[in-house]
Amino acid sequence: MSCCAAGTESAAELEALKTDGPSAEEMWLSSRALGDGLRQVDLIVPGVHCGACIALLEKELPKTKGVDHARVNLSTRRVSVVFDGKDAGGAGAGHPEAVLTALGEKFKSLGYPAHLPGGADEAADPAMRELLKALAVAGFASMNVMLLSVSVWSGAEAATRDLFHWVSALIAAPALIYSGRVFFVSAWGALRHGRANMDVPISLGVILAYGISLYETITHGEHAYFDASVTLLFFLLAGRVLDHMMREKARSAVRNLVRLSPRGAMVIRDDGSREYLALDEIEPGMRLAISAGDRIPVDGRIVSGRSDMDFAVVNGESAPQLVEAGSLTPAGTLNLTGPLVLEATRSARNSFLAEMVSMMEAAESGRAGYRRIADRASAIYAPVVHLLAIGTFIGWMVVSGDWRMAMLTAVSVLIITCPCALGLAVPVVQVIAAGRLFENGIMVKDGSAMERMAQTDHVVFDKTGTLTQGKPQLINAAAVAADHLAIAARIARASRHPLSRALALLDQTGKDLPEFEIVEIPGDGVEAKSLDGAVYRLGRSTFALDGHTDGPERAADASQVILSRNGQFLDVFLFSDQLRRGAQQAVARLASLGVDAEILSGDREAPVKALASELGMTDYVAGVRPRGKVDRVQALAAAGGRPLMVGDGLNDAPALSAAYVSMAPASAADVGRMAADFVFLHDSLEAVPLAIAVSRKAGSLIRQNFALAVIYNCVAVPAAVLGHATPLIAALAMSSSSVLVVLNSLRLRRKTKVENFARSAPDQVSTATVASAGLQASA
Amino acid sequence: MNNLIFLIPIALFLGALGLGAFLWSMKSGQYDDLEGAAWRVLDDDDDKPKPD
Chain A
1 MSCCAAGTES AAELEALKTD GPSAEEMWLS SRALGDGLRQ VDLIVPGVHC GACIALLEKE
61 LPKTKGVDHA RVNLSTRRVS VVFDGKDAGG AGAGHPEAVL TALGEKFKSL GYPAHLPGGA
121 DEAADPAMRE LLKALAVAGF ASMNVMLLSV SVWSGAEAAT RDLFHWVSAL IAAPALIYSG
181 RVFFVSAWGA LRHGRANMDV PISLGVILAY GISLYETITH GEHAYFDASV TLLFFLLAGR
241 VLDHMMREKA RSAVRNLVRL SPRGAMVIRD DGSREYLALD EIEPGMRLAI SAGDRIPVDG
301 RIVSGRSDMD FAVVNGESAP QLVEAGSLTP AGTLNLTGPL VLEATRSARN SFLAEMVSMM
361 EAAESGRAGY RRIADRASAI YAPVVHLLAI GTFIGWMVVS GDWRMAMLTA VSVLIITCPC
421 ALGLAVPVVQ VIAAGRLFEN GIMVKDGSAM ERMAQTDHVV FDKTGTLTQG KPQLINAAAV
481 AADHLAIAAR IARASRHPLS RALALLDQTG KDLPEFEIVE IPGDGVEAKS LDGAVYRLGR
541 STFALDGHTD GPERAADASQ VILSRNGQFL DVFLFSDQLR RGAQQAVARL ASLGVDAEIL
601 SGDREAPVKA LASELGMTDY VAGVRPRGKV DRVQALAAAG GRPLMVGDGL NDAPALSAAY
661 VSMAPASAAD VGRMAADFVF LHDSLEAVPL AIAVSRKAGS LIRQNFALAV IYNCVAVPAA
721 VLGHATPLIA ALAMSSSSVL VVLNSLRLRR KTKVENFARS APDQVSTATV ASAGLQASA
Chain B
1001 MNNLIFLIPI ALFLGALGLG AFLWSMKSGQ YDDLEGAAWR VLDDDDDKPK PD
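Here the protein sequences come in this chain order: A and B.
Going by our numbering, the first residue of the first sequence is number 1, and it counts up by one from there.
Going by our numbering, the first residue of the second sequence is number 1001, and it counts up by one from there.
Structure representation (structure tokens):
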């Protein structure tokens, strides 16, 4: 465990601590060359919390032979390790591989388990840097131009005024071109497709304001709007930057979750040699070695070996299944107990995983038609503003006949009405709301997700791993003899099988039990010989009872494990999947929010029905294929609903992207996490109603801000139309309206609090430590 | 009027200096890890005075 801050880890991070580190081959595949034979690998280390951790890692890691240096980034919890990637040319194992293996060991021995970034790994978003630079330039220009404008407003004499206008023009021109690009490009794109987005009135206002001011300057006019045009850009860019920052934060948090799908596989050549190949290089017909605990990289058929496999990502069924030679294994499933050799039947491009991805792409229409609230508002707003400006121009032409005067007034109308409330207020509200969700362990991918979440009226839950924990728990602990339980728990520590893990949790380390010699028989169970010659078996009834039939009847809706001594029945342990924490409260809160809920599961009818009645839900569908989930979600949408899909499996991924808005737990399959709009890190399902409630609150604040903007325009626009908006008044009005909407948005911040479920409850932490202690003991 | 000839360029130069400093600090990755930097300042491992 790391040095400090115990208990600050979220459930997902604790989960990450339990997994094995990446293999040297995987680290090699994800590393990149730096030149000079050096290579860099980025690892995620969730255990880094403070300066002591940084100092320790940066000092200790380079002591590994071949490691050049290491640099910790505390904000992203990543460590970049630069190592010598040159092959030393020695016989057998390559040099870099040994370095990486040693590195993995070093991380483990220091107590900082590391893993590789999940999902597609890209460098820092260049768009964010561009936006920041644009904001800096706009900030510089607006400050300086404003400085000059203030002296003009204070009554500079004509010659000085002209000079200041010229200087302002010179500062503003490059700033507008550089910082305004973002808006101009987007506005041009929209216009070319015959649409109007928010950037059209912005671009038009800014360019016209600059143009007329330049004309005024040349003709020694009195009024120039240089300050207005650059300040406007500055405010709007600030909004853009906020919007982007929120997205960046959520994305990097999602990328930091443990990657579940393998990057490659160990290929067995015809001559018996083994080689680790990247996923893309695996061809059908190749033989792959899969050890216990690995995920299947590509679809395959088992050639030899026997094991239990977890198919939950494929069919949502929680109970592991026995696989033997000839069984088919879809990509993404988890091998639990025994080593397997399988023959790849399809390449990664055509595997089950890829099939899901292509189904997701086909189903993307769920949100493609969605237009951001600001864009929808500006579709009404922009024409009104433009008509108003043109009307002002024509009106003044008719009244005074002075085109210069008319143009100046029209531009001041454009500036006054420029949609600051839309450009700044929406992102501010959303960033604050996202921050509030973030504190409760919920990550929002972008602002549009929050807008869609606020509108949802129907929640579709997956069962295994979403409503339930996806992990079995002993349900008849009271019915079994205490000493039988103690023996079974001790034996179970040696196995990776989920039922054994559930039993092993009940092991009392201090308890005095005979020494066992334990062998795991994949697919059957665990056999333990004690020193006095007694043979205990824990597993399937046929295995444990050795063909005797005096075992109990098989339970209908629970998995069972039998403990026997020398072939004689001792006890039976029953397991079933337990509800996820907060599931009941979540369903109740959803009802009070006026949102319907239903279950859509790939599991069998009986467990789904039992779960539905336990939660008091009436709508459920069992035995649904991935395609069926997509169809159901699309049917809901076609009926005018706005379905929210909550799911974790690979089989839910297409439905996640088909839904109007989607949410996934951090334990979800990689693809699902990437597809989901919201990802919640904590165990509790209460995150779902909280996300809806906060999104709705944010939605109502945004509408309030729009109302404020309209009221403000009702006062300011008549003044502008009548020609009273001098540059000074325009600047004051513009800034004050921006400040007003920001202040209103900040009201959401005041209510910031960490909900009960997101606090690390003492019992939750202790079970987690027990689990990891048990694992270490068994490893 | 005359002093403006000096003062405006000086003001602009100072402003540009600030802008340049910001762009440079961003380019050299100083905003990549704000939390880490706050801790590193407390770490005095490397800058011990040299033993005489």
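Ideal Cβ placement from N, Cα and C applies to all residues, glycine included.
Please read all numbers here as calculations on a predicted model, not as lab measurements.
query = Does DSSP put phenylalanine 1013(B) in a helix, a strand or coil?
reply = helix
task = Have a look at the DSSP bridge pairing and note the partners of glycine 525(A).
result = Ile521(A) and Gly539(A)
query = At which residues does the alpha helix (DSSP H) containing aspartate 789(A) begin and terminate?
reply = Residue 789(A) falls outside the range modelled here, since chain A spans only 1 to 779, and no answer is possible.
request  = Output the boundary residues of the alpha helix (DSSP H) element that contains phenylalanine 184(A).
outcome  = 158-192
query = Where alanine 786(A) and leucine 56(A) are concerned, what is the direct C-alpha to C-alpha distance, given to the nearest angstrom?
reply = An answer regarding residue 786(A) cannot be provided, because it is not within the stretch 1 to 779 covered by chain A.
message = So valine 48(A) and arginine 77(A) are supposed to be a Cβ contact under 8 Å. How far apart are they, rounded?
response = 5 Å
ask   = If we ignore side chains and look at the alpha-carbon of each, how far apart do arginine 501(A) and alanine 492(A) end up?
value = 7 Å
request  = Could you name the residues of the stretch 657-679 of chain A whose beta carbon sits closer than 9 Å to any beta carbon of chain B, in the order they occur along the chain?
outcome  = none
query = If you run the structure through DSSP and keep just helix, strand and coil, what is asparagine 73(A)?
reply = strand
key: Amino acids of chain B, ordered along the chain, whose beta-carbon sits closer than 9 Å to that of valine 182(A)   = Under the 9 Å cutoff, chain B gives no residues; its nearest Cβ is about 17 Å from valine 182(A).
ask   = Can you list, in chain order, the residues of its chain whose CB lies under 8 Å from that of alanine 1021(B), leaving out five sequence neighbours each side?
value = none
ask   = How far does the beta strand (DSSP E) with tyrosine 215(A) in it reach, from first residue to last?
value = First-last for tyrosine 215(A): 199-218, but that is the alpha helix (DSSP H), not the beta strand (DSSP E).
ask   = Shortest alpha-carbon distance to proline 427(A) belongs to which of Leu242(A), Leu204(A), Ala733(A) and Ser23(A)?
value = Leu242(A)
DSSP state of lysine 471(A) mapped onto helix, strand, coil = strand
query = DSSP state of phenylalanine 800(A), grouped into three classes?
reply = Because residue 800(A) is not part of the residues shown, which for chain A are 1 to 779, the question remains open.
query = So which residues on chain B does glycine 51(A) lean against when the C-beta distance must stay under 7 Å?
reply = Trp1039, Arg1040, Leu1042 and Asp1043
message = Below 8 Å on the Cβ atoms is my contact criterion, and I expect isoleucine 373(A) with isoleucine 702(A) to pass it. Report the Cβ-Cβ distance as a whole number of Å.
response = 6 Å
key: C-alpha gap between asparagine 744(A) and glutamine 704(A), whole angstroms   = 8 Å
inquiry  = Check whether chain B comes within 8 Å of leucine 74(A), counting only Cβ atoms and requiring the distance to be less than that.
reply    = yes
query = What first and last residue would you give for the beta strand (DSSP E) that runs through alanine 224(A)?
reply = Where alanine 224(A) is concerned, there is no enclosing beta strand (DSSP E), given that its DSSP letter is neither H nor E.
inquiry  = Can you confirm whether the stretch 258-276 of chain A touches the stretch 163-176 of chain A when touching is taken to mean that 3 or more C-beta pairs between the two stretches lie within less than 8 Å?
reply    = no
query = Quick one, are the C-beta atoms of leucine 788(A) and leucine 288(A) less than 8 Å apart?
reply = The question about residue 788(A) has no answer, for chain A in this structure spans 1 to 779.
request  = Whole angstroms is fine: what's the gap from lysine 65(A)'s alpha carbon to phenylalanine 573(A)'s?
outcome  = 49 Å
query = For isoleucine 1010(B), which residues in chain C fall below 7 Å Cβ to Cβ?
reply = Judged by its chain identifiers, the structure shown contains no chain C, and its protein chains are A and B.
ask   = Nearest-angstrom Cα distance between lysine 529(A) and arginine 625(A)?
value = 44 Å
message = Is there a Cβ of chain B sitting closer than 8 Å to that of phenylalanine 107(A), yes or no?
response = no
task = Could you tell me the distance, in whole angstroms, from the CA atom of proline 126(A) to the CA atom of histidine 244(A)?
result = 11 Å
task = Could you list which residues in chain A have their beta carbon closer than 7 Å to that of leucine 1023(B), in chain order?
result = Lys133 and Ala136
ask   = For serine 149(A), which residues of its own chain have a beta-carbon under 6 Å away from its beta-carbon, when the five flanking residues on both sides are left out?
value = Asp227
inquiry  = For leucine 322(A) and arginine 306(A), I'd like the C-alpha separation in whole angstroms.
reply    = 8 Å
query = If we ignore side chains and look at the alpha-carbon of each, how far apart do isoleucine 711(A) and alanine 389(A) end up?
reply = 18 Å
Residues in the stretch 222-242 of chain A having any Cβ partner in chain B nearer than 9 Å = none
query = Taking the alpha-carbon positions, what's the arginine 696(A) to asparagine 713(A) distance?
reply = 26 Å
Beta-ladder partner(s) of arginine 32(A), from DSSP = Gln40(A)
task = Report the partner residues of arginine 287(A) according to the DSSP bridge assignment.
result = Ile268(A) and Glu343(A)
request  = In angstroms with no decimal places, state the Cα-to-Cα distance between leucine 650(A) and leucine 204(A).
outcome  = 47 Å
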